[in-house]
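Participant:
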Amino acid sequence: MTRLNTAEEPLRLTLGELELTADSYRMELCRPTDRTTLVDGSYVETALDVLPCTLCVSCRLLSSDAYAARYAIRSAVADNTAFSFIFDCMKFQNMTIREYAVKKDADARYVQVSLTLGGRLYGEEVPNG
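According to my numbering, the residues represented by the sequence shown are -5 to 123, in order.
(1) May I ask you to list the residues that DSSP assigns as paired with Cys47?
(2) Nearest to Asp101 by CA position, among Ser57, Asn74, Glu119, Lys85, is which residue?
(3) For the beta strand (DSSP E) containing Val185, list its first residue and its last residue.
(4) Using the three-state DSSP reduction, which class does Asp59 fall into: helix, strand or coil?
(5) Under 8 Å by Cβ, that's how I've got Leu49 and Tyr19 pegged, so tell me the actual separation to the nearest angstrom.
(6) Thinking just about the alpha-carbon of each residue, which of Ala76, Ile80, Val105 is nearest to the one in Gly113?
(7) Would you give the residue range spanned by the beta strand (DSSP E) that Ala100 belongs to?
(8) Kindly indicate if chain D contains any beta-carbon less than 8 Å away from that of Ser36.
(9) Roughly how many angstroms lie between the CA atoms of Thr30 and Asp99, to the nearest whole one?
(10) Determine the closest residue to Asp17 out of Ala72, Pro4, Met84, Glu119, with distance taken between C-alpha atoms.
(11) According to DSSP, what are the bridge partners of Glu13?
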């Protein structure tokens, strides 16, 4: 029997020293193939082992924490830092920040941050319970 939890823990994303609490996320996974054309003109497709994926995470930060977060994100982008982490029971490897956006409304207490990471989905972790 599968045990379902009714109270969910917040989704935490840890990228080096930066820890974010996600409000929402979207994960896309694709299976690349290699297409070989045969002599008779037909083709054969072979599924490759690498599973590239894209993870888009949206979160909020207190305005007072925004500068440090922007600095950490910019540094990771400039250095092309690859992160490996577990997020929502999914294991990711060699994830690099491909894109980020920061939005703050006038006199707002929070800053909205959107991160797009690309890399590899390594597998899933079985939650305790």
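We put the beta carbon where it would ideally sit given N, CA and C, even for glycine.
Just so you know, these numbers come straight off a predicted model, no measurement behind them.
Facilitator: Per the coordinate set shown:
(1) Leu23, Gly113
(2) Ser57
(3) Within the shown structure, residues of the chain are numbered from -5 to 123, placing residue 185 beyond reach of any answer.
(4) helix
(5) 6 Å
(6) Ala76
(7) No beta strand (DSSP E) contains Ala100, which DSSP labels as neither H nor E.
(8) In summary, chain D is missing from the structure at hand, where a single protein chain is found.
(9) 52 Å
(10) Pro4
(11) Thr8
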